[in-house]
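Take the sequence shown: its position 113, counted from the start at 1, is 253 in my numbering, and no numbers get skipped. Every residue, glycine too, gets a C-beta built ideally from N, C-alpha and C. Source: prediction; values computed, not measured. First the structure, in the form of structure tokens, and then the observations on it.
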Amino acid sequence: MRILVTGGAGFIGSHVVDAYVKAGHRVTVLDNLVSGNVKNLNRRARFVKADVRRKEMERVFEFGRFDVVNHLAAQIDVRRSVENPVFDADVNILGLLNVLELSRKFRVKKIIFSASGGTYYGECARPARETDPPRPLSPYGISKLASEFYLRAYRSLHSLPYTVLRYGNVYGPRQDPHGEAGVVAIFCQRLLADKAAYIYGTGKQQRDYVFVSDVARANVAALLRGEGESINIGTGRAGDVNRLFEVLRASHPGPSSFERKPARPGELFRSVLNVSKAALVLGWKPRVSLKDGLAETYRHIASQNQ
Ligand SMILES: NC(=O)c1ccc[n+]([C@@H]2O[C@H](COP(=O)([O-])OP(=O)(O)OC[C@H]3O[C@@H](n4cnc5c(N)ncnc54)[C@H](O)[C@@H]3O)[C@@H](O)[C@H]2O)c1
141 MRILVTGGAG
151 FIGSHVVDAY
161 VKAGHRVTVL
171 DNLVSGNVKN
181 LNRRARFVKA
191 DVRRKEMERV
201 FEFGRFDVVN
211 HLAAQIDVRR
221 SVENPVFDAD
231 VNILGLLNVL
241 ELSRKFRVKK
251 IIFSASGGTY
261 YGECARPARE
271 TDPPRPLSPY
281 GISKLASEFY
291 LRAYRSLHSL
301 PYTVLRYGNV
311 YGPRQDPHGE
321 AGVVAIFCQR
331 LLADKAAYIY
341 GTGKQQRDYV
351 FVSDVARANV
361 AALLRGEGES
371 INIGTGRAGD
381 VNRLFEVLRA
391 SHPGPSSFER
401 KPARPGELFR
411 SVLNVSKAAL
421 VLGWKPRVSL
431 KDGLAETYRH
441 IASQNQ
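As structure tokens, then:
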């Protein structure tokens, strides 16, 4: 297939590109490199430096004749979305609309979209299902949910197929400290700098940490499956911040310490995703344990620091 991956120089996007290239697809990466990095680019993919909001995207679509567009480019910082919701909507909503209009015009056969299970479901007494009512509180979560409605509308108005993948907290090699599982990168950097890591509140806040290679595999499955669906991609298990630190410090050969800081107001206590729909619809299950994934992430960040 001919596939366009927007945001393909970023953390998750670059792993998705690697998986598509490995599966034999012809991949074009489009990224403005605002948080992505040329070091992440796959040499076997074509790279176009461009902004998803701009008019020049039309030439990329005209030239590329893509079968699938996997749209990962986004403003991903939840705190920044609170400070500047207009910028968040500009990139995340107007950027998506530009991609959708061009996909319609150039008869793209499918859109795959990265959404955020971690910001939709609020406090989770049990792992959240896709049918649970979404209650995003941040402008970022709202722009992601609004995007899902636009995708549904384009499917019904213009017969443009789509699959939405709602990620938990994605972590792994190449991750940035500002993303939704930024804590993993931050802990690694503090350990490697021989500085104390900060743990806010009790450290018992639970999240669904899913390893990036598992997320990339879900994006491969979504090429052919999951049409018209929104699907949680996580592990179904809750990992807490204290455990993350304990596992990461076990990988770190030097001394390690942490400091407790006051709890951050408004922080969710527990966010976990039920992933049974992913198994049913995509034939996908997470494979990498938290322990193995964290060890691999630590090794990668340590090797970058040398
Ligand atoms: N990391 C997570 O835990 C997580 C969880 C849920 C959803 N997501 C979603 O997954 C996607 C990828 O996130 P990530 O964690 O890899 O972040 P990332 O910042 O590494 O990737 C985003 C990429 O988009 C590019 N980009 C940003 N604005 C752009 C623009 N206007 N035009 C072109 N390119 C632009 C950036 O340069 C970057 O390479 C995003 O849509 C994000 O919202 C991530």
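Buried/exposed call for residue i, threshold 16 Cβ in 10 Å
i       : result
Arg-180 : Checking the sequence, you will find Asn at residue 180 rather than Arg. Under this definition Asn-180 is a buried residue.
Ser-221 : buried
Gly-176 : buried
Glu-263 : exposed
Arg-330 : buried
Phe-201 : buried
Ala-394 : The question names Ala, yet the displayed sequence has Gly at residue 394. Exposed, since its Cβ has fewer than 16 Cβ neighbours within 10 Å.
Gly-368 : exposed
His-298 : exposed
Gly-379 : buried
Lys-401 : exposed
Heavy atom of ligand 1 within 7 Å of residue i beta-carbon
i       : result
Ser-370 : no
Phe-201 : no
Val-310 : yes
Tyr-290 : no
Asp-354 : no
Gly-341 : no
Phe-351 : no
Ala-358 : no
Residues near residue i in its chain [Cβ-Cβ closer than 6 Å; skip 5 each side]
i       : result
Phe-151 : Arg-314, Gln-315 and Asp-316
Tyr-160 : Ile-143 and Val-167
Ser-391 : Ala-435 and Tyr-438
Leu-89  : A query on residue 89 cannot be resolved here, the shown segment of the chain reaching from 141 to 446 and no further.
Phe-124 : As shown, the chain starts at 141 and ends at 446. That puts residue 124 outside it, with no answer to give.
Val-415 : Asn-372, Gly-374 and Gly-376
Tyr-338 : Glu-399 and Lys-401
Phe-246 : Phe-201
7 Å Cβ shell around residue i - same chain, five flanking residues per side excluded
i       : result
Leu-363 : Met-141 and Val-208
Arg-357 : Ala-159 and Trp-424
Gly-204 : Arg-142, Leu-144 and Thr-168
Lys-417 : Glu-270, Ile-371 and Asn-372
Runs of 4 residues minimum, wholly inside the segment 148-207: which ones carry the alpha helix (DSSP H) assignment? 151-162 and 197-204
Requested in this report: Would you list, in sequence order, the uninterrupted beta strand (DSSP E) runs of no fewer than 3 residues that lie entirely inside the segment 298-381?
Outcome: 302-307, 309-311, 337-340, 349-351 and 369-373
Quiz item: Can you list, in chain order, the stretches of the beta strand (DSSP E) that have 3 or more residues and sit fully within the segment 243-299?
Solution: Here the runs fully enclosed are 250-256.
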